[in-house]
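Visitor: Have a look at this one.
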Amino acid sequence: MPILEVHALSKSYRQAGGETTVAIGNITCQVEAGEFVSFVGPSGCGKTTLLMSIAGLLAPSAGRVVVNGKEVSGPPPNLVLLFQEYNKSLFAWRSVLGNVRFGLDARGAGSASADTKARALIELVGLKGFEKHYPWELSGGMQQRVAIARALAYEPQVLLMDEPFGSLDALTRLELEDTLLRLWAELKTTILFITHDIEEAIYLSDRIWVLSGRPSEIIQELIIDFSRPRDQVTTRADARFMELRNDIYRQIGGKSAP
Amino acid sequence: MNGLKSFNWSGWLSFGLLLLLWELGARATPKLQLYFPPVSQIVAALGQALMAGPVAQHFGVTLGRFFEGYLLASVLAVTLGVVLGYIRFLHSLLETSIELLRPMPSVAIIPVAILLLGIGDSMIVAVTVYASVWPILINTIDGVRHVDPTLIDTGRTFGLTRPQILWRIIVPGAAPYIVTGLRIGLSIALILVTTAEMVAGSKGLGYFILDEERAMNSANMYGGIVLVALMGYSLNRLFLLLEARALRWRHGMMARQEA
């Protein structure tokens, strides 16, 4: 049984002028437990809306989302969405440890076990020694590491990520991609990832769904079978990597939203 | 706010010089001493009055009324502000009333309070509450509304219930605004306590200042003013100290943004 199923999901907005904009056309897809799957599409194609709907933070106009056999009507308990804007999603008044503990505290986990788990995750994302720092004392890359640690400490079955590395510099981005892959392999989480960076999607994923511009629909599914663990140099140097990249680029390059 | 850490020598020195100028000027012009008694005389009068007892009592009465009114206003306004900031429907229901009542100078409510409550403690406390509620209320509402939606969505994705979102995200997120409101409210509460005591009262520093003025006892009058000033200054310092503790995470952030 797939851990996440999306059935005929669509979302439209009523605009100020009374016109209706269709953000998501009609999306049906399934994610198996333990998979790393990415949506890749042009900017403005409604990717965030799609992820918010799957996360139960936005009600879809039609269709349904099923997580672990249960239909979603609000945020499901075993799924967490990680936002692109780490500077907005971290709690400024909580230390790194406090932020990572956040989900556990809210769930009412025992204080000692929450502390142990949070510290373990902080170490896993490479922030040992920064437990008492506040978010503003950290670089952007470190802040997003905190957000990743916070999401994973919660031990969700499904982790949704909305262009999590979109506002980081190129080198930090590569570093975090590898951190994420390492954690994913170690913790066996299912990850549904959104990006407009085609190469990032290829590098990270088992499967890629290529989205069209608005109203977004899945126009192609690609299986990415590069061996794991992947490597920023050798995997990207593979001739098929470029082929895949060009293939996807041709599909969405001409269809990007105005 | 940097005054919390470093002592401003030059500022205090110039203030001392100002006092010295007053002292010398007053001594040089005996005719004006009824209006401007020398500082040394004011200090002496203040010392004597404090020894004698009643002034200390007036001080205590004013401080008590201040705390009663200010704390009551704080609890009321923060609670109401959080509720109004969070529940849009209630806010639009009350928004017009708030916007119409708020700009009215609060001292105008004193006659109403006298009419309803007579001239006693409860009148003075009520007036203080009324006046200091507004800045706290407005700032709290503002703060609640300025909490980034991404933070709230983060709370929701971690499965927080609505009350949990309120306590763990909205209240701490709005805290900087709430604190600003509380700081403004503090000054206003002091103004209103003193004013109300001047208008109707037989106790308190406001009453004392006006009473001594009527008795042409200007050294004592200034002594009372000095006490009110000291009260305001100390309460403000106390507030800043508490604020620095409560919003410790924010002070470093602000310092860095200023640098």
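Chains as they are written, first to last, in the numbering used here: chain U, 159 to 416; chain W, 58 to 316.
We put the CB at the ideal spot given by N, CA and C, even for glycine.
#1: Look up Glu379 (chain U) in the DSSP assignment and give the residues it is bridged to.
#2: Strictly under 8 Å for the Cβ-Cβ distance: is Ser297 (chain U) near chain W by that measure?
#3: From the DSSP output, read off the bridge partner residues of Ala166 (chain U).
#4: Quick check on the burial criterion: 16 or more other C-beta atoms within 10 angstroms. Buried or exposed for Ser259 (chain W)?
#5: So, does the region 326-345 of chain U touch the region 278-289 of chain U, judging by three or more C-beta pairs under 8 Å?
#6: So, are the CB atoms of Gly126 (chain W) and Thr185 (chain W) less than 8 Å apart?
#7: Here's a check: name, in chain order, each residue in its chain whose Cβ is nearer than 8 Å to the Cβ of Ser97 (chain W), leaving out the five neighbours to either side.
#8: Starting from Thr207 (chain W), find everything on chain U with Cβ-Cβ shorter than 7 Å and list it in chain order.
#9: How about Tyr312 (chain U) and Leu262 (chain U): are their beta carbons less than 8 Å apart?
#10: In the DSSP assignment, find the unbroken alpha helix (DSSP H) run with Leu240 (chain U) in it and report its ends.
#11: Take the Cβ of Trp69 (chain W) as the centre, count every other Cβ of all protein chains shown within 10 Å, and call the residue buried at 16 or more, exposed below.
#12: Where does Val164 (chain W) fall in DSSP's three states?
#13: Is any heavy atom in the ligand NAD found nearer than 7 Å to the beta carbon of Ile366 (chain U)?
#14: Is there at least one Cβ from chain U nearer than 8 Å to Arg213 (chain W)'s Cβ?
#15: Between the region 251-277 of chain U and chain W, which residues of the former have CB atoms less than 7 Å from a CB of the latter, in chain order?
#16: Rounded to whole angstroms, what is the Cα-Cα separation between Arg305 (chain W) and Ile241 (chain W)?
#17: Looking only at DSSP bridge pairs, what is Gln188 (chain U) linked to?
#18: Identify the contact partners of Pro235 (chain U) in chain W, using a Cβ-Cβ distance below 8 Å as the criterion.
#19: From W:Met273, W:Tyr279 and W:Ile245, pick the residue whose C-alpha is nearest to that of Arg159 (chain W); which is it?
#20: Of all the beta strand (DSSP E) runs that stay within the bounds of the region 300-341 of chain U, which reach a length of 3 or more residues?
#21: Based on the DSSP output, what are the partners of Lys228 (chain U) in its beta bridges?
#22: If Glu289 (chain U) and Leu255 (chain U) are in contact, beta carbons under 8 Å, what's the gap, nearest whole angstrom?
#23: Take Pro192 (chain W) as the anchor and find which of W:Ile248, W:Leu239 and W:Gly73 has the nearest alpha-carbon.
Guide: On the basis of the data shown:
#1: U:Trp367
#2: no
#3: Answer is none; Ala166 (chain U) lacks a bridge partner.
#4: exposed
#5: yes
#6: yes
#7: Glu80
#8: Phe241, Glu243, Lys246 and Ser247
#9: yes
#10: Run containing Leu240 (chain U): none in the alpha helix (DSSP H); it sits in the beta strand (DSSP E), Leu237 to Leu240.
#11: exposed
#12: helix
#13: Looking for the ligand NAD in the displayed structure turns up nothing, as the structure carries no ligands at all.
#14: yes
#15: Trp251, Phe260, Gly261, Ala264 and Arg265
#16: 20 Å
#17: U:Glu163
#18: Gly216
#19: W:Ile245
#20: 316-320
#21: U:Val225
#22: 4 Å
#23: W:Leu239
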